[in-house]
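Chemist: Numbering (the numbering used here), first residue to last: 83 to 173. Glycine is no exception: its CB is placed at the ideal position from the N, C-alpha and C atoms.
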């Protein structure tokens, strides 16, 4: 898919495709980058209470990563998913 096609997808679809591809291909670098971005995306989407939890608990980050395609958090992370998926057209 090209960037325009990816940009037309919902945040949830982008998240699901990117995370599924990364897990299937063992791309732990992308997953780690995603985990590091979640606290800032949570804060940017108005969930500052979640940010403190995410910074102190790795389990919260892992949980967030699996649901990071939904709602305002998913929207905040859309550029990350589009960039990743555009580099992996078979995703």
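1) Quick one: using the 10 Å Cβ neighbour count with 16 as the cut-off for buried, is residue 108 buried or exposed?
2) Check each candidate in 116, 156 and 170 and name the one with the smallest Cα separation from residue 144.
3) Going by DSSP in three states, residue 161 sits in which element: helix, strand or coil?
4) Compare the C-alpha of residue 157 against each of 87, 97 and 83 and name the closest.
5) Please report the straight-line C-alpha distance between residue 177 and residue 173, rounded to a whole angstrom.
Modeler: According to the data block:
1) exposed
2) 116
3) Helix, per DSSP.
4) Cα-wise, what sits closest to residue 157 is 97.
5) The requested residue 177 is not part of the displayed model; the chain covers only 83 to 173.
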